[in-house]
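Report on one structure; see the data block that follows.
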Amino acid sequence: MQQFSAPDQDQRDQLHGRQVAAMFGRIAGWYDFLNHTLSLGLDIYWRWRLARAARPEPGTLVLDLAAGTLDVSVALTRQYPDVRVAAVDFALPMLERGKKKLVGGLDQRIMPVQGDGRSLPLPDESASAATIAFGIRNIRPRMSAHREVLRVLKPGGRFCILEFGTGRRKVWGGLYNFYLDKVLPGLGKLVSGDRAAYRYLAETIREFPDERQLARELLDAGYARVFHVAMLSGIVYLHVAEKAGGAEAETPAQHGPEAV
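For reference, each letter of the sequence shown is one residue, going 0 to 259 in numbering that gives the first Met the number 0.
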């Protein structure tokens, strides 16, 4: 009798990526509304902070990974009027939704591209900065994305990650954890009709490493310097990883918080 082996890890990771892309495709029409509603509008400020931390060189290319509906890409062009943005996302319906925001010449500066964060469609050392908002936990394995971003960054470039803190740590006496586990999936279903997508969101937040574990991952991937800033009592973190070669990246590696 022929024996069939279980899919190897790479096949499982590819399947996971397709499933996540399909899930975001289903909720693309509700994505912005739910982001703003469930965060009480704070996600707009968080994305502004992410863009501010990127510090790209004037006139260069910035990578916005997991660009989704292009909110971060737009924020980058507003803060840095002379940069161009490669907006890469695995879910084409999200990018199509975001294209409606490309007005006033932004369609000449923001280039939406369907692509995989583990195999970026960019040359080595082609971007002076990279951002990702609430997307790194959807990429498996994360280390592949960390190293791919490192590959495309110019020396001294920053990889700025906006992500939820781990849901395993109690915040506000457990109120946030209750919201994450019970309220979020219900609200997601009520508005979008897709409870599974928002249950997945809660599960991936719970499983995500804490800020020190993520810092260790980034250092292991080859970044020269890593630090983070906690926002909203640690519900959200801004992580910054710098590639060796710049003036700031020449200082010793570190894990702790720092102003950006």
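Beta carbons: idealized from backbone N, C-alpha and C, even for Gly. Note that the structure is a prediction, hence the values are computed from the model and not measured.
Once the 5 residues before and after residue i are set aside, which same chain residues still bring their CB inside 8 Å of it?
i: Glu249; result: Confidence is the limiting factor: at Glu249 the pLDDT is only 47, short of 50, which leaves the residue's position unreliable, though a coordinate-based value still follows. Closer than 8 Å at the Cβ level, and outside the excluded window around Glu249, lie Ala223, Ala243.
i: Val264; result: Nothing can be reported for residue 264, as the shown portion of the chain is limited to 0 through 259.
i: Arg83; result: Thr59, Leu60, Val61, Arg108, Ile109, Met110
i: Val170; result: Gly164, Asn176, Ser232, Gly233, Ile234
i: Lys100; result: Thr68, Leu69, Asp70, Val73
i: Met230; result: Trp45, Arg48, Tyr236, Leu237
i: Pro303; result: Residue 303 lies beyond the range of the chain shown here (0 to 259); nothing can be said about it.
Is there at least one Cβ from chain B nearer than 8 Å to residue i's Cβ?
i: Phe32; result: The chain labelled as chain B is not found in the depicted structure, where only one protein chain is given.
For residue i, is the classification buried or exposed, using 16 other Cβ atoms within 10 angstroms of its Cβ as the cut-off for buried?
i: His15; result: exposed
i: Leu89; result: At residue 89 the sequence reads Phe, which differs from the Leu that was named. Answer is buried; the Cβ neighbour count reaches 16.
i: Ser4; result: Here Ser4 scores only 48 on pLDDT, less than 50, and its place in the model is too uncertain to base an answer on.
i: Phe32; result: exposed
i: Tyr260; result: In the structure as shown, the chain begins at 0 and stops at 259. Residue 260 is therefore absent and cannot be evaluated.
i: Thr36; result: exposed
i: Ala21; result: exposed
i: Leu39; result: exposed
i: Arg273; result: The structure shown does not extend to residue 273, since the chain is modelled only from 0 to 259, so the question has no answer here.
i: Pro55; result: buried
i: Gly67; result: buried
i: Gly245; result: buried
i: Ala214; result: buried
i: Gly181; result: The amino acid at residue 181 is misidentified as Gly; the sequence shows Lys. Answer is exposed; the Cβ neighbour count stays below 16.
i: Leu237; result: buried
i: Leu161; result: buried
i: Gly187; result: buried
i: Gly104; result: exposed
Grab me the residues of residue i's own chain with a C-beta within less than 6 Å of its C-beta, minus the 5 sequence neighbours each way, in chain order.
i: Val19; result: Asn137
i: Arg139; result: Asp12, His15
i: Leu23; result: Before going on, a small fix: residue 23 reads as Phe here, not Leu. So the qualifying residues of the chain are Ala90, Met93.
i: Asp42; result: Asn34
i: Val148; result: Ala129, Phe158
i: Gly221; result: Leu149
Nearest-angstrom Cα distance between residue i and residue j?
i: Leu94; j: Val73; result: 12 Å
i: Ala195; j: Arg96; result: 21 Å
i: Cys322; j: Ile131; result: Within the shown structure, residues of the chain are numbered from 0 to 259, placing residue 322 beyond reach of any answer.
i: Gly134; j: Ala65; result: 6 Å
i: Val239; j: Asp193; result: 33 Å
i: Pro251; j: Val102; result: Note on Pro251: pLDDT 43, under 50, position unreliable in the model; the coordinate value appears next. For Pro251 and Val102, the distance between alpha carbons rounds to 42 Å.
i: Pro184; j: Arg25; result: 15 Å
i: Tyr44; j: Gly155; result: 26 Å
i: Glu216; j: Gly28; result: 33 Å
i: Leu200; j: Leu179; result: 9 Å
i: Arg51; j: Asp81; result: 14 Å
i: Gln113; j: Ala85; result: 10 Å
i: Asp9; j: Arg117; result: 11 Å
i: Ser191; j: Val228; result: 31 Å
i: Asp7; j: Pro57; result: 43 Å
i: Val87; j: Asp115; result: 8 Å
Considering only heavy atoms of the ligand NAP, does any lie closer than 7 Å to the CB of residue i?
i: Ala21; result: In the structure on display, the ligand NAP does not appear, and there are no ligands present to speak of.
Counting only the same chain and skipping the five closest in sequence on each side, list residues whose C-beta sits under 7 Å from that of residue i.
i: Ala53; result: Val61, Leu75, Ala128, Thr130, Arg157, Cys159
Item to check | Given 8 Å, three or more beta-carbon pairs between the stretch 193-211 and the stretch 162-169 | outcome: yes
Next on the checklist: Could you check whether the stretch 174-184 touches the stretch 139-150, counting it as contact only if at least three pairs of C-beta atoms, one from each stretch, sit closer than 8 Å?
Outcome noted: No: fewer than three Cβ pairs fall under 8 Å.
Checklist entry - Which runs of the alpha helix (DSSP H), 4 residues or longer, sit entirely within the stretch 173-241? => result 174-177, 183-191, 194-206, 210-220
Checklist entry - Does the stretch 102-115 come close enough to the stretch 68-83 to have 3 or more Cβ pairs within less than 8 Å? => result yes
Item to check | Within the stretch 102-179, ranges of the alpha helix (DSSP H) (whole runs, at least 4 residues) | outcome: 141-151, 174-177
Checklist entry - Mind pulling the beta strand (DSSP E) runs of 3 or more residues that sit fully within the stretch 45-98? => result 60-64, 83-88
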